[in-house]
Every structure is written in C-alpha cells, then in structure tokens.
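First residue of the sequence shown: 17, per this note's numbering; consecutive thereafter.
C-beta atoms are modelled at their ideal positions from N, C-alpha and C, and glycine is treated no differently.
Keep in mind the model is a prediction, meaning the values are calculated, not measured.
The block underneath contains the structure these notes are about, expressed in structure tokens.
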Amino acid sequence: MKDKEKRILLSAIELFSKNGYGNTTTASIAEKANVGSGTLFIYFPTKLDLFHQALLYANKDFIDYVKDLNEKKDFKRGMIEVWDRMVDYALMKPYEYSFIVQSKESALVNEDFEEELFNQGKFFSKVYNKFQSKGEVKEPFELFSIFMFHDVTATVNFINDNPDMDVDKIKRIGFDFLWKGVSLKDD
17 MKDKEKRILL
27 SAIELFSKNG
37 YGNTTTASIA
47 EKANVGSGTL
57 FIYFPTKLDL
67 FHQALLYANK
77 DFIDYVKDLN
87 EKKDFKRGMI
97 EVWDRMVDYA
107 LMKPYEYSFI
117 VQSKESALVN
127 EDFEEELFNQ
137 GKFFSKVYNK
147 FQSKGEVKEP
157 FELFSIFMFH
167 DVTATVNFIN
177 DNPDMDVDKI
187 KRIGFDFLWK
197 GVSLKDD
C-alpha cells in the first residue's frame with residue numbers, strides 16, 4: 017500500500033469517526049491526508065468506496081492486533097487475552113475502534129460487505145464454535161460478538177471517564193460481566 021493511500025485511509029477513519037459519514041467531505045479527507053482531491057479519487061473513485069476500504073483497513077488492523085494469541089487451549093484464559101487486546105486497541109487507536117463500532121450499524125454496510133468483514137475475523141467464530149461444541153459457552157456466536165463489542169466499548173468509555181482508576185482492575189471487572197453472560201461453567 018502506498019503512503020498516500022494509507023494517509024487517505026487513516027484520515028478518512030478519523031474524520032468518519034469524529035463527524036460521521038454524512039458530515040465528512042472528500043475534500044476534508046484530502047486536506048487532512050495532505051493530498052489533492054484528484055489524488056484521493058485516483059485511489060478511491062467514490063466516497064462510499066473510500067468508506068468501505070477504510071472500514072476493511074481498520075477492521076483488518078483490529079483483527080490482526082487482537083488475534084495474535086498466546087493461549088489457545090483454555091477458552092477463558094484465551095478470552096481474557098482477547099478482551100485485554102480489544103480494550104488496549106480501543107485505547108491506543110480510538111478513532112479506528114470507534115469507526116469500526118459505529119460502522120457495524122451503518123446502512124452503508126450491506127449484507128455482502130458485512131460478509132466480507134466477517135470473513136476477515138472468521139478465526140474468532142471458529143474458535144468460539146469449537147468451545148461451544150464442547151459445551152463450554154453459550155450460543156450463538158453472533159449474539160456473543162455483539163455483547164462483547166458493547167462490553168468493550170462500555171469498559172473503554174469508563175476507563176476514559178475515570179483516568180485515575182486502575183485500568184487493569186477495570187478491565188477485569190468488565191471481562192467478568194461478559195464472562196458471566198457467556199460461560200456455561202461456574203468458576
């Protein structure tokens with residue numbers, strides 16, 4: 017990926033996250049990326065195409081960061097690792113995370129594009145389904161993933177609103193809420 021293309025994508029992610037799709041112009045994205053509008057359209061023929069490519073880029077970045085797990089055999093310890101990485105990513109890259117979360121409910125994401133996003137993270141559903149088939153977690157994965165994103169977002173918002181509190185403690189409390197909702201085991 018060329019430097020200009022990456023600058024355009026990162027600028028689009030930030031501006032879409034801050035202002036929403038409708039309130040963000042391609043001219044403002046080009047200006048933030050320090051490229052001409054014509055250059056932007058060389059890489060992305062339409063604003064919608066730019067939105068979709070920005071979402072694919074952010075989603076892949078997020079998934080790549082989260083999925084590099086050490087724990088692969090114990091579901092709860094693996095989930096703690098995933099949880100920690102999700103929260104850390106959201107704190108490190110707030111625009112990217114916010115853009116991903118906001119876009120999941122967007123009318124701009126049709127079923128085909130939603131499938132493309134899902135395929136980027138298919139690894140997570142395979143792991144979840146493996147443990148679900150062993151009777152360790154509740155189904156369905158789709159509901160779980162919605163809860164997880166909302167719980168991570170709530171935890172991150174709480175951390176941002178309470179900067180003097182112990183982040184690791186808040187992460188554990190947030191995870192416990194999620195775990196009690198998904199686990200079939202009492203532990």
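Hey, could you find the ends of the alpha helix (DSSP H) residue i is sitting in?
i: residue 63; result: 63–83
i: residue 187; result: 183–198
i: residue 167; result: 157–177
i: residue 55; result: 53–59
i: residue 42; result: 42–49
i: residue 114; result: 110–120
i: residue 135; result: 127–136
Please work out which residues of its chain come closer than 6 angstroms, Cβ to Cβ, to residue i, disregarding the five sequence neighbours upstream and downstream, and give them in chain order.
i: residue 115; result: 29, 32, 33 and 74
i: residue 58; result: none
i: residue 71; result: 119
i: residue 66; result: 28 and 60
i: residue 63; result: 42
Please return the same chain residues whose Cβ sits closer than 8 angstroms to the Cβ of residue i, not counting the five positions on each side in sequence.
i: residue 199; result: 92, 152, 153 and 154
i: residue 52; result: 46
i: residue 122; result: 37
i: residue 147; result: 91 and 153
i: residue 163; result: 194, 197 and 198
i: residue 48; result: 27, 30 and 31
In three-state DSSP terms, what is residue i?
i: residue 98; result: helix
i: residue 103; result: helix
i: residue 153; result: strand
i: residue 17; result: coil
i: residue 144; result: helix
i: residue 89; result: coil
i: residue 35; result: helix
i: residue 28; result: helix
Ignore the nearest five residues each way along the sequence and tell me which others in residue i's own chain have a CB closer than 7 angstroms to its CB.
i: residue 36; result: none
i: residue 50; result: 23
i: residue 129; result: 68
i: residue 172; result: 103, 106 and 107
i: residue 79; result: 136 and 137
i: residue 101; result: 81 and 82
i: residue 180; result: none
Am I right that residue i and residue j are in contact with their C-beta atoms under 8 angstroms? What's the rounded C-beta distance?
i: residue 105; j: residue 81; result: 5 angstroms
i: residue 99; j: residue 191; result: 5 angstroms
i: residue 193; j: residue 167; result: 6 angstroms
i: residue 117; j: residue 165; result: 6 angstroms
i: residue 183; j: residue 175; result: 6 angstroms
i: residue 132; j: residue 77; result: Contact flag wrong, Cβ pair sits at about 15 angstroms.
i: residue 42; j: residue 56; result: 6 angstroms
Does any residue of chain B have a CB that is nearer than 9 angstroms to the CB of residue i?
i: residue 43; result: Given the protein chain composition of this structure (a single chain), no chain B is represented.
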